[in-house]
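With the UniProt record's numbering as the guide, the letters of the sequence shown map in order to residues 1 to 173.
Glycine is no exception: its CB is placed at the ideal position from the N, C-alpha and C atoms.
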Amino acid sequence: MHQNIIVRISDRLKRFDAKDARCIEESQACFIDSTWRNLAYIQSNFSGLSRAITKLEKQGLPIYDALEIFANVRNEMDAAIGEIADQIRNKFNNVVSSNIGLETIAQICQILSGHDTECNIPPDLIPYYKYAPITSVDVERSFSVYKSILADNRMKFTPKNLEMYLICNFNLS
1 MHQNIIVRIS
11 DRLKRFDAKD
21 ARCIEESQAC
31 FIDSTWRNLA
41 YIQSNFSGLS
51 RAITKLEKQG
61 LPIYDALEIF
71 ANVRNEMDAA
81 IGEIADQIRN
91 KFNNVVSSNI
101 GLETIAQICQ
111 ILSGHDTECN
121 IPPDLIPYYK
131 YAPITSVDVE
141 RSFSVYKSIL
151 ADNRMKFTPK
161 NLEMYLICNF
171 NLS
């Protein structure tokens with residue numbers, strides 16, 4: 001779909017004379033052959049990444065499903081070829097290796113799946129991690145809700161009003 005739009009834009013830009021305006025010249029330079037090759041490379045090696053991000057943003061996603069999506073992204077990164085893929089893979093691995101919480105989440109997922117795995121989380125808390133987000137999207141959403149509750153214009157919340165406000169926000173999500 002995106003390629004079709006880009007092709008149409010490129011065709012329209014080619015009809016203009018680059019000498020008429022600098023913006024036309026610069027716009028035409030964006031659609032040279034190397035741009036098409038770069039887009040083809042990205043499409044062929046990393047097309048699943050945007051779909052994975054969209055899936056991970058979904059609220060209420062079980063931790064097992066989230067880690068499976070993450071594993072698929074890792075497999076796609078490993079399958080990508082070329083020097084640029086090596087650079088992207090190295091960056092991906094550096095980010096993942098510096099995230100110490102991801103290993104803990106993976107251990108919790110193993111326990112929730114019935115495997116006997118060592119974990120430093122108290123056993124009574126582990127069931128609460130079943131729908132734990134592995135991205136910061138849900139955290140940012142909850143901060144946004146709490147920020148609106150604690151806003152200056154909300155100083156006269158009674159406990160009953162606060163309860164109703166929280167129920168409304170819960171039902172909206």
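Between the alpha carbons of residue 91 and residue 160 lies a gap of roughly 49 Å. According to the DSSP assignment, residue 27 belongs to the alpha helix (DSSP H) that extends over 22-30.
Close CB contacts of residue 117 within its chain, under the 8 Å cut and outside five residues either way in sequence, are with 107, 110, 111 (chain order). Inter-segment contact for the stretch 34-47 and the stretch 65-82 is present: three or more beta-carbon pairs are separated by less than 8 Å. Rounded to whole angstroms, residue 164 and residue 23 show a C-alpha spacing of 54 Å. Of all alpha-carbon atoms in 133, 136, 113, 103, the one lying nearest the alpha-carbon of residue 120 is that of 103. By the CB criterion at 8 Å, residue 13 and residue 34 fall outside the cutoff. If you look at residue 152, you'll find it isn't in any alpha helix (DSSP H); DSSP assigns it neither H nor E.
Counting along the chain, residue 65 sits inside the alpha helix (DSSP H) bounded by residues 63-79. When only Cα atoms are considered, residue 72 and residue 54 end up about 14 Å apart. When 93, 63, 60 are compared, the shortest CA-CA separation from residue 76 is found for 93.
By alpha-carbon distance to residue 135, the top candidate from 30, 29, 67 is 67. Residue 159 carries a helical assignment under DSSP once its states are collapsed to helix, strand and coil.
At a cut-off of 3 residues, not a single continuous stretch assigned as beta strand (DSSP E) sits fully inside the stretch 90-149.
Contact between residue 63 and residue 129 holds, since their C-beta atoms are separated by about 6 Å, short of 8 Å.
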